[in-house]
Structures are given as C-alpha cells and as structure tokens.
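Q:
Number of protein chains: 4
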Amino acid sequence: MSDKGKSAGKGRPRNAALDTAIATAVEQLLLTDGYSAVTIDRVATVAGTTRTALYRRFPSRVALIANALARHFGTDPAPDTGTLRGDLIELQRLQVEFFRAPIVAAGIAGLIGDLSGDPEWSALFHETFMAPRRRSTQAMFQRAVDRGEIPPFTHPSVVSDILTGPLLLHVMLPATGPLDDTLVVATVDAAMHLLSVDIHDA
Amino acid sequence: MSDKGKSAGKGRPRNAALDTAIATAVEQLLLTDGYSAVTIDRVATVAGTTRTALYRRFPSRVALIANALARHFGTDPAPDTGTLRGDLIELQRLQVEFFRAPIVAAGIAGLIGDLSGDPEWSALFHETFMAPRRRSTQAMFQRAVDRGEIPPFTHPSVVSDILTGPLLLHVMLPATGPLDDTLVVATVDAAMHLLSVDIHDA
Amino acid sequence: MSDKGKSAGKGRPRNAALDTAIATAVEQLLLTDGYSAVTIDRVATVAGTTRTALYRRFPSRVALIANALARHFGTDPAPDTGTLRGDLIELQRLQVEFFRAPIVAAGIAGLIGDLSGDPEWSALFHETFMAPRRRSTQAMFQRAVDRGEIPPFTHPSVVSDILTGPLLLHVMLPATGPLDDTLVVATVDAAMHLLSVDIHDA
Amino acid sequence: MSDKGKSAGKGRPRNAALDTAIATAVEQLLLTDGYSAVTIDRVATVAGTTRTALYRRFPSRVALIANALARHFGTDPAPDTGTLRGDLIELQRLQVEFFRAPIVAAGIAGLIGDLSGDPEWSALFHETFMAPRRRSTQAMFQRAVDRGEIPPFTHPSVVSDILTGPLLLHVMLPATGPLDDTLVVATVDAAMHLLSVDIHDA
DNA sequence: GTATAACCGAGACGGTACGTCAGGTCTTGAT
DNA sequence: ATCAAGACCTGACGTACCGTCTCGGTTATAC
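Protein chains in written order, with my numbering: chain A, 12 to 213; chain B, 12 to 213; chain C, 12 to 213; chain D, 12 to 213.
1. Taking contact to mean 3 or more Cβ pairs, one atom from each stretch, closer than 8 Å, check whether the segment 131-148 of chain D and the segment 193-202 of chain C are in contact.
2. Anything in chain C within Cβ reach of P185 of chain D, meaning under 9 Å, just list it in chain order.
3. Starting from L190 of chain C, trace the alpha helix (DSSP H) in both directions and tell me its first and last residue.
4. Are the segment 168-187 of chain B and the segment 161-180 of chain A touching, with three or more C-beta to C-beta distances below 8 Å?
5. What's the C-alpha gap between V57 of chain B and S71 of chain B?
6. Short of 8 Å in beta carbon distance, which residues of its chain neighbour A32 of chain D, apart from the five on each side in sequence? Order them along the chain.
7. Give me the residue from D:P88, D:A77, D:G159 with the minimum Cα distance to Y46 of chain D.
8. Please state the DSSP three-state secondary structure of R82 of chain C.
9. At the level of alpha carbons, what is the spacing between G93 of chain B and F152 of chain A?
10. For a contact defined as C-beta to C-beta under 7 Å, what are the partners of P177 of chain A on chain B?
11. Note down, in chain order, each residue of its chain lying with its Cβ closer than 6 Å to the Cβ of G201 of chain D, except the 5 sequence neighbours on either side.
12. At 3 residues or longer, what runs of the beta strand (DSSP E) sit wholly inside the segment 61-145 of chain D?
13. To the nearest angstrom, how far is it from the Cα of L80 of chain C to the Cα of L190 of chain C?
14. Is the Cβ-Cβ distance between I123 of chain A and A155 of chain B less than 8 Å?
15. Anything in chain B within Cβ reach of S71 of chain A, meaning under 9 Å, just list it in chain order.
16. Count the other CB atoms, across all protein chains shown, that sit within 10 Å of the CB of R146 of chain B; report buried if there are 16 or more and exposed otherwise.
17. Measuring only the C-alpha atoms, how far is K17 of chain D from R82 of chain D?
18. Are the C-beta of G124 of chain D and some C-beta of chain C separated by less than 8 Å?
19. For A55 of chain C, is the classification buried or exposed, using 16 other Cβ atoms within 10 angstroms of its Cβ as the cut-off for buried?
20. Counting only beta-carbon separations shorter than 8 Å, does S147 of chain B have a partner in chain A?
21. Tell whether a beta-carbon distance below 8 Å holds between P162 of chain B and Q149 of chain B.
22. Skipping 5 residues on each side, what residues in its chain have a beta carbon closer than 8 Å to that of E6 of chain B?
23. Name the chain D residues whose beta carbon is nearer than 9 Å to that of V115 of chain C?
24. Applying the 10 Å Cβ sphere with the 16-neighbour rule, what's the burial state of R144 of chain A?
25. For P185 of chain B, which three-state DSSP category applies?
26. Quick check on the burial criterion: 16 or more other C-beta atoms within 10 angstroms. Buried or exposed for G85 of chain A?
27. Exposed or buried, T187 of chain D, counting other C-beta atoms within 10 Å across all chains shown (16 or more means buried)?
28. What's the C-alpha gap between R67 of chain C and D98 of chain D?
29. Output the distance between the C-alpha atoms of V199 of chain D and S207 of chain C, rounded to the nearest integer angstrom.
30. Closer than 8 Å between beta carbons: that is the criterion. Which residues of the segment 33-47 of chain B meet it against chain A?
31. Can you tell me whether H166 of chain C is helix, strand or coil according to DSSP?
32. What residues of chain C sit near T198 of chain D, judged by a beta carbon separation below 9 Å?
33. Run through chain D and tell me which residues come within less than 7 Å of L180 of chain C, C-beta to C-beta.
34. For a cutoff of 8 Å on Cβ pairs, would you count G97 of chain C as touching chain D?
35. Tell me which same chain residues have a C-beta within less than 7 Å of the C-beta of Q103 of chain D, skipping the five on either side of it?
The structure is reproduced here in structure tokens:
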C-alpha cells in the first residue's frame, strides 16, 4: 500500500525520521480533526516537511491513509485454540481490536468511501485488510471439519460475512451503538450454528 | 434530508421540473461516473441549471446524494406474513432490493464515508436509512414472541446487525462478491437461531 | 436619474414612506460601510422592503446611488453678485459644499467608476451633475463680458475644468488632503487670470 | 502594487511568460470590453492560465489592474528645460501622455472607484501614481525660485492640483470632451499665474 | 360595486464572479 | 536520490450579487 523499502543504496538515503513524522501526523490529524482533515498539505505541515516528500513515499492521499491504518492491522497468526468456538472467539477478539482502534474507527469509513468506484484500489484494500483474515478463517473451518466438529460446509464465505459484517456496520455507523462483547458472542453463536447445519436445511 | 416541501405559499414557487432534473442528474452521474463525479458543479450542469438552484434545495453535496438514495428507499409496511421466518425472508428481500439498486450500490459507500466524523449528519443518516427498518424488525420479533414462536429476547438489536451488516459489507466492498440469495438465507437462518436460544446460553 | 413621479392615478399608489426609507438606507450604507456595501439586497434589507420595490423605482444599482447623490446636489440659482470674482467665489462655495457632503464624498468615486465605459450612463451623469453648473458658469462669464469686466473668451469650458477638476481630484483621492478654502481661492484666482488674458497670449 | 520580485532563489521560479501573458490579457480586456470586463476569471482565461496563478501574483483585482496601469506610467526624470514655463509644458505633456494612454483612460476611473473607501489602498495608489509627479513638480518650483523666476511660494500643492485636476476630470468624464492641448496651455498658464503672485494677494 | 391596474412581500431563477482549498505534477538549488 | 521550497494546472467549494420572473395579497381609481 506504500512505496516503503525503496532505498537501493545509490543517492541520498531517505530520512527515516520523516517516515515516522508523517505517520504520526496522519494519525494525529485523523484522530483530532477527522478523515476530511487529512490532506496532503496539512499532513506535510504537521509533519514539518513538504508535499514532495509525501508523494515520494505514497502515490496518493488514499495510499497515505491506508498505510496508516495498515500499521494497526495485527499480523497475529491465525488463532488455533483446539476448538472451533475458541478459534472463533479469538478471531472476533482480534477483529474487534482492529475496528476499535481509534485511528481505524476514524478512518475506515472515509477510506472505503474514497475507494468505492475504483475496482483496482478496492481490490487492493480488500486484499490488504479483509482477505488475510478471511483466509485464516477458512483454514480454521477446515481444521474443525478435520476434527469432526462440523460437517463439510459449502459456503464458508457467508460465515465470514456474518462474522465481519456486523462489526463493520457498527464502526461505520456509530449511531448503531458501541462495538461491544455482546456482538462478539452473538456473531460467534450465529457462525457456529451455520457451520453446524447445512444451510439449505435451515 | 432535503429542504423540499418548504413553500408556505409565499413567493415564486419552486420549479418542480428542476427538482426532477436534479434528481435525474444525480442518478445519472452516480451510475455512469461514480460517487466522486457527483459534484455540485456537474450536477448543475447536467441538470441544466446553476449551483444556486442546488444550494437552494440542498445544504450540501451529502444532502443532495442522500436525497437521491432516499428516493430508492422503500417505505413498504413492515412485512407480516404470519410466521417469523416468513417475515425475516421478506425483510431481507426488501433490504437486498435497496442495497442492490445501482444508485444505492454506487453511492452508499461514498456517502457513509463523507458522513463519518460528523455525528449530527451521521445520526440523521441512521435515522433515515437504518432506524425505520430496525424498528419494524423489532416489532416483527415482538409479534413472534406474542405468538409463542420464540422466547423473550433481550438483545434484539444484535439480530438486526446480523441481518444488515453482511449486506452492507458486500455493498461496500464489491470484492467480497455479489449480494446473492445465499446471503439472505444464511442471515435469516442465523437470526432465527439467535432468536430461538437465549444468547448467553450459547 | 430615477423613475419617480410615475403615479398617473390608476392602480395602488406608491408607498411614499418606502421612498424615504430607501433613500435613508442608501445613505446610511454609503456612509457607514462605503460604496461597495450599497447592494440592492442590503439596501432592501436595511429599508425593510424587498428588491422588487427597489427595481420598481430604479432601473439599476447605479441609478439608485446616483439618485441618492442627486438629492444633495443644490439647485440654487446661478449666483449673481454683480462682480465676476464674487460670482466665482460663490460658485466654488457651492461646488465645495456638494463635494464635501459626506454622501457625495463617499459615493462619487465609485459611481463614476461604475459609469465608466458606458457612454450613455456617463453622458447622463454629466448632464445631471456637471452640465447645469457649467451652463450657469458660462452665463456668469457672459455677464462679465457684458459688463466689460473681461474680454470675450473663446474657450470658456477650460475655465470650468480648472474650477471643478481640482475639487474632484481632492474628493476622489483623499490622500491629496482635505478640500479646503485655499483651493477655492486658488482656483478662482486662476480662473480670473485665464479670463482676463487671451489664452494664446499667455 | 504587485508581488513581483519575490523569488529568493528557493523553489520553482515564476514563469515569466505568464507574467507577460497576464499583463497582456488585462490590457486587452480593458481596451476591448472595459473595466468591468477585467475579472480574475476572464483574465485567467484569456491569459491561458488559472485563477490560482493570478492570486499568487496579485492579492486582488485592484492590484492586478493597478499594475497594468503602472506599466504605462512613465518614470522619466523630472523635466528641467531651464525655464519654469518650459518645465511645466513638458510636465503636462507627460501627464497627458499618461492619461491619454488607452489603457489608462479605460481603467483609471474604475480603479479609483474601487479604491474609494479603503484608505490603505487609496494611499498606495496615490503614492504610486500621483506622488512621484507631485514631488518632481515641487522640485521644479524650487528651481524656479532659486533662479529668481518666481517668488517663494507657500502653497505649492494647490498648483499641482490645478495642473492635474482638470486632466483627471476629462479622463474620468469623457463627456467633458477630449484631453486636448488647449487644456495643457490653459493649466500651465494658470499655474504660472499662481506662482507669480502670492496667493492671498490675488 | 366591481373591474382593472399598480403596488407590496416573498422568494425562485439563471448568471457571473468571488476568494479559498485540495490534488497531483514539475522545477529549482542544495545536501 | 533526497530534501525544502514553491510554482503550475485542474477543478471544486460555498457565498454574494445582479436583474428577472412569478406568486398571493393589497389598495386605489375608474367604469
């Protein structure tokens, strides 16, 4: 999502302090003044640098913000507690942690909004923030099948939707209330049910 | 969400043809060029009028677009088929119909993104697009309780989240795939389960 | 310069109170906020009426302001003191009185500026504010010739220019200093000299 | 009157071609369509650039036009012909040349009008266009005094008023007729007279 | 006494310009 | 190759005027 890791050795090296100054500036602006306040100009000013330096690192405003959110996207290994329910609870705990991070909560709606309409960026966003968790979720299901906990399931992605969708809803529309533990339990519960019965039996 | 219906009789009346020309222009731009193309300037040009006429009707770009989406928000009465499952299926059918409308699909992500950070607008959006359906859903649950289909339930809003969240996820991130019937059935199934058992039993 | 005096008897008569309210509003705005503040909207608001009523009286903003200044344009008869010098002194006194009126001082530069480029309006302005005094000045010169005070003069208009030009300069460019009596005496002096000698003798 | 000559070496230098394109555009619009046609928008369009580039150079429309006129303001040294009369004739020739320049004739009335009410801008205008000539005029008088041509004079500025005022009057109100040589001779004549006699003797 | 006509208030309408802000690119001199 | 600085074009923002128009309602005179 960024251009980091360019320095191949030739010319003047990147100023590492700038990298962090920029990241800090983005976060600060996002938290204090909201998504719309995160402009290239203001980030540069707050970071004490110039537009040029920003564009050398990020190709666009969206990339800049996406990168800031990505820093808060845990790369924890897929949970493997031995039971499906334990795995799911842990998974949701991780997801909630991500969505509840103030920077994520402040930025994700605007980011998705700005992405919408551009399939390329949209796909990249999905691949960065959604796909990894979805993939580890699928593996989790497979382990449960292998253990005999649940029967083979033919529509695993809808379960991911039910796990993630309600969380996203709460993050994007704060008027729906806080992202609390009741939601974690309920989504896990629902997922367990869908995984236990064949969907067209229901 | 708009200023329509203002005229108390005084002054020159609004040109109704303009109202529709504007709405049409918004839809057209949204569908052909995407959310970011829906600027006050372009809408005015396409509608064959001026910025002034737009600002007379809508206080901001957000209101303009929200109004266009609201036109596609069905005000159908809460479904009442006699059975909880039938009600839920019908509810989801309505929701999917709304989210699948090309204009809604094209505009909702950007709209929610632009709303984020402004609690007032955010609340208004929620009240306009989310709350009505949520309220009729609660009534639906109550009827099922009265009929003895399900036990009293203490967290009805999480069920609404599980019904709506996954749909929103698919609309906003097209990379997750189309909004198909599998999702309808799965969400209804999950909701039925959550309503049948007490949540902390699960 | 205005449309006053229209009432031919038939319909509802003009509200005379509005006429004065408008004139007062123009003067007030001109004096307190300057020429650029005298907009149709603001005048209407301050006068407690509407644009419509203004446009019924004046065809344009310029006419509105010109009318306000004209109210301060004395229609005193051409002075006739018996001597040329006495006449000239009196004439300059009248001119200074006009140019020093706060409303005139505040409005004339802007008015002439807005007129510039439109020969029709420009001619009307000249005819209204300049020509009358110029004509009575010519008559004054003729009386002096008849009395034998001065020889016949072939370029009387340049004398008018020398009498009026310096006053206008001071009104339009306050940085040149106040419009004081020294200027009156000097201009009269200069005019007397020009009238006494033939110009190509000098 | 402008922001030119800013570059201290840093950053991308101003595009000099733009400077001239803008000046040309202003002159063209002023001459063909008049003062009121000289808007930021139109100048930018005609100059083939953008509003932004204009605002980078001039803080306002007034500054833009003032700058265009200033280009036609001769910086010729104070005339020194050896005789007061010769100096005055030469001075008036220069003034007439300035006021008769089509751009000046087209723009000065509007410019002074827009300035009126803003003492700061008004003073700057006076300092730019009026004061230099006035100062060299004072020096001219002093030389004549030194030569013994005229007695010491205590109100030199009124003579400047009489020299410039009538010219300005003719430029601003074309209905008073063209700015011809008769006016030059008459104003010089009047000035000579005022300088030769003590003013309160007259 | 009832047309008719001009007024009044309110406010919408198409235009045009304003001055600002943002995005993303390019150019310069210096490190 | 990086950095700070800043110019450049593009395009949108929201506001303010202008002068015109269309309403409903109100006086007046004139038939």
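All C-beta atoms in this analysis are idealised placements derived from N, C-alpha and C, irrespective of residue type, glycine included.
A: Put simply:
1. They do not touch, by the three-pair rule.
2. The residue given as residue 185 of chain D occupies position 174 in the fourth sequence. Simply S127, P130, S133, A134, H137.
3. Mapped onto the third sequence, residue 190 of chain C falls at position 179. Here L190 of chain C belongs to no alpha helix (DSSP H), and DSSP marks it neither H nor E.
4. With the rule of 3 Cβ pairs closer than 8 Å, the segment 168-187 of chain B counts as touching the segment 161-180 of chain A.
5. Residue numbering aside, residue 57 of chain B sits at position 46 when the second sequence is read from its first letter. Residue numbering aside, residue 71 of chain B sits at position 60 when the second sequence is read from its first letter. Distance between the alpha carbons of V57 of chain B and S71 of chain B: 17 Å.
6. Start at 1 with the first residue of the fourth sequence, and residue 32 of chain D comes out as number 21. Around A32 of chain D: A58, G59, T60.
7. As a first step, residue 46 of chain D is located in the fourth sequence; it is residue number 35 there, counting from the start. The shortest Cα separation from Y46 of chain D among D:P88, D:A77, D:G159 belongs to D:A77.
8. In the third sequence, counting from the first residue as 1, residue 82 of chain C sits at position 71. Here R82 of chain C sits in coil by DSSP.
9. Position 82 of the second sequence, counted from the start, is the residue given in the question as residue 93 of chain B. Position 141 of the first sequence, counted from the start, is the residue given in the question as residue 152 of chain A. Rounded to whole angstroms, G93 of chain B to F152 of chain A spans 36 Å at the Cα level.
10. Residue mapping note: residue 177 of chain A aligns to position 166 of the first sequence, counting from 1. Under the 7 Å cutoff, chain B gives D172, I173, G176.
11. The sequence position of residue 201 of chain D within the fourth sequence is 190, counting from 1. The sequence given here places Ala at residue 201 of chain D; Gly does not occur at that position. When the five nearest sequence neighbours on each side are left out, the beta carbons in the same chain lying within less than 6 Å of the beta carbon of A201 of chain D are those of I173, in order along the chain.
12. Correct list: empty.
13. Within the third sequence, residue 80 of chain C is the residue found at index 69, counting from 1. Within the third sequence, residue 190 of chain C is the residue found at index 179, counting from 1. Going by the C-alpha atoms only, they are around 18 Å apart.
14. Counted from its first residue, the first sequence places residue 123 of chain A at position 112. Counted from its first residue, the second sequence places residue 155 of chain B at position 144. At least 8 Å separates the beta-carbon of I123 of chain A from that of A155 of chain B.
15. On the first sequence, position 60 is the one that residue 71 of chain A refers to. What S71 of chain A touches in chain B: nothing, since even the nearest Cβ is about 13 Å away.
16. The residue labelled residue 146 of chain B in the question sits at position 135 within the second sequence. Its Cβ having fewer than 16 others within 10 Å, R146 of chain B is exposed.
17. Here residue 17 of chain D is taken as the residue at index 6 of the fourth sequence, counted from 1. Here residue 82 of chain D is taken as the residue at index 71 of the fourth sequence, counted from 1. Bear in mind that a pLDDT of 47 at K17 of chain D, under 50, signals an unreliable position, so the number given afterwards is only what the model happens to contain. Going from the Cα of K17 of chain D to the Cα of R82 of chain D covers about 18 Å.
18. In the fourth sequence, residue 124 of chain D corresponds to position 113, counting from 1. With a threshold of 8 Å between beta carbons, G124 of chain D makes contact with chain C.
19. The residue you call residue 55 of chain C lines up with position 44 of the third sequence. Buried.
20. Taking the first residue of the second sequence as 1, we reach residue 147 of chain B at position 136. Residue contact with chain A for S147 of chain B: absent (no Cβ-Cβ distance below 8 Å to any residue of chain A).
21. Mapped onto the second sequence, residue 162 of chain B falls at position 151. Mapped onto the second sequence, residue 149 of chain B falls at position 138. No, the pair does not count as a contact, with Cβ atoms beyond the cut-off.
22. This structure cannot settle anything about residue 6 of chain B, because the visible part of chain B is limited to 12 through 213.
23. Locating residue 115 of chain C in the third sequence gives position 104, where the first residue counts as 1. Those do not exist, as V115 of chain C stays about 12 Å from chain D at its closest Cβ, beyond 9 Å.
24. Taking the first residue of the first sequence as 1, we reach residue 144 of chain A at position 133. Taking every protein chain shown into account, the CB of R144 of chain A has 16 or more other CB atoms within 10 angstroms, so this residue is buried.
25. For the purposes of this step, residue 185 of chain B is identified with residue 174 of the second sequence, where counting begins at 1. Three-state DSSP puts P185 of chain B in a helix.
26. Within the first sequence, residue 85 of chain A is the residue found at index 74, counting from 1. That one is exposed.
27. The residue given as residue 187 of chain D occupies position 176 in the fourth sequence. Using a 10 angstroms sphere on the CB of T187 of chain D, the tally of other CB atoms reaches 16 or more, which defines it as buried.
28. In the third sequence, residue 67 of chain C corresponds to position 56, counting from 1. In the fourth sequence, residue 98 of chain D corresponds to position 87, counting from 1. The alpha-carbon separation between R67 of chain C and D98 of chain D amounts to approximately 55 Å.
29. What you label residue 199 of chain D is simply residue 188 of the fourth sequence in a count that begins at 1. What you label residue 207 of chain C is simply residue 196 of the third sequence in a count that begins at 1. For V199 of chain D and S207 of chain C, the distance between alpha carbons rounds to 15 Å.
30. Listed by position along the chain: G45, Y46, S47.
31. Working through the third sequence from its first residue, we reach residue 166 of chain C at position 155. H166 of chain C sits in coil when the DSSP states are folded into three classes, being neither helix nor strand.
32. Against the fourth sequence, residue 198 of chain D aligns to sequence position 187. Within 9 Å Cβ-Cβ: V169, D172, I173, G176, A201.
33. Within the third sequence, the letter at position 169 stands for residue 180 of chain C. Per Cβ cutoff of 7 Å: D172, T175, G176, L179.
34. Walking along the third sequence from the start, residue 97 of chain C turns up at place 86. No, its Cβ sits nowhere closer than 8 Å to a Cβ of chain D.
35. Residue mapping note: residue 103 of chain D aligns to position 92 of the fourth sequence, counting from 1. Within the same chain, Q103 of chain D has close Cβ partners L174, V195, T198, V199.
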